[in-house]
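Inspection log for the structure reproduced underneath, given as structure tokens.
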């Protein structure tokens, strides 16, 4: 099974301008596909921007199967590339901080709602999701999804490892002064859980926030396979099933677990 070439779109887009962000996504999908990528991953809330006024968020929210999802499905189909995008999802009268994976044929594969909301802004703006493990199959790999703060909870990522996630996609809005998450925590999470993690950040100032970039693809051997800088950038890395298999064979973490000792954690 060949590696899945994965494109990480480090960009904040245009705050509040869905049309411009769709255009940027279309352009990035074309570039990624031309470079041989089978998957394009965007940042948290890429579709609308992150630092929105609270009163504007409900009006910008979209259903998971709405017109924007259809437009992104057309982008994916036209370029023959899977797309993971972050957006505000409106459902049942509330708004979720969500990320949806669209397959290369334009069909929706999985939709995830952020389970751990960071800070007062997110807690005021969104309802937390309650499904920690959301997965889909793509190019022979089991893809998992979470968003930003979720990856900082070790139980969350371990749940994905136990469910067989091979490549965990983490759109994020990781801000100063927490860049150690991108630099140190994400590669450790990949190693201790024996999976690839694609961590894709926003960049630059936006409202009261300063996003630090540093998007990366970390592999199960703890190596960062690609790393963006601090500006707008499209970077590429490969999720290699052969490396994943060899690493899991050589690393005993999951085999040597003693779950009976951990009951106090829950």
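In my numbering, the protein residues as written are 777 to 1042.
Where is the CB? At the ideal position from N, CA and C, for every residue including glycine.
Predicted, not measured: the structure shown is a model, and the values here were computed from it.
Would you mind working out which of the options sits nearest residue i, comparing C-alpha positions?
i: residue 924; options: 916, 914, 955; result: 955
Tell me residue i's beta-bridge partners as DSSP assigns them.
i: residue 979; result: 988
i: residue 1012; result: 783
i: residue 951; result: 987
i: residue 1003; result: 992
i: residue 871; result: 866
i: residue 838; result: 865
i: residue 921; result: 910, 945
i: residue 888; result: 875
Hey, residue i and residue j: beta-carbon distance below 8 Å or not?
i: residue 828; j: residue 921; result: no
i: residue 873; j: residue 821; result: yes
i: residue 880; j: residue 852; result: yes
i: residue 1013; j: residue 782; result: yes
i: residue 866; j: residue 834; result: yes
Strictly under 8 Å for the Cβ-Cβ distance: is residue i near chain C by that measure?
i: residue 1026; result: The structure shown contains no chain C; it is built from a single protein chain.
Grab me the residues of residue i's own chain with a C-beta within less than 8 Å of its C-beta, minus the 5 sequence neighbours each way, in chain order.
i: residue 929; result: 892
i: residue 797; result: 789, 790, 822, 823, 824, 825
i: residue 990; result: 950, 955, 958, 959, 977, 1003, 1004, 1005, 1006
i: residue 799; result: none
Below 7 Å CB to CB, which residues in the same chain sit around residue i once its five sequence neighbours on both sides are set aside?
i: residue 934; result: 969
Does DSSP classify residue i as helix, strand or coil?
i: residue 914; result: strand
i: residue 941; result: coil
i: residue 826; result: coil
i: residue 932; result: helix
i: residue 973; result: strand
i: residue 1030; result: coil
i: residue 813; result: coil
Please work out which residues of its chain come closer than 6 Å, Cβ to Cβ, to residue i, disregarding the five sequence neighbours upstream and downstream, and give them in chain order.
i: residue 943; result: 917, 919, 972, 1015
i: residue 952; result: 986, 988
i: residue 939; result: 909
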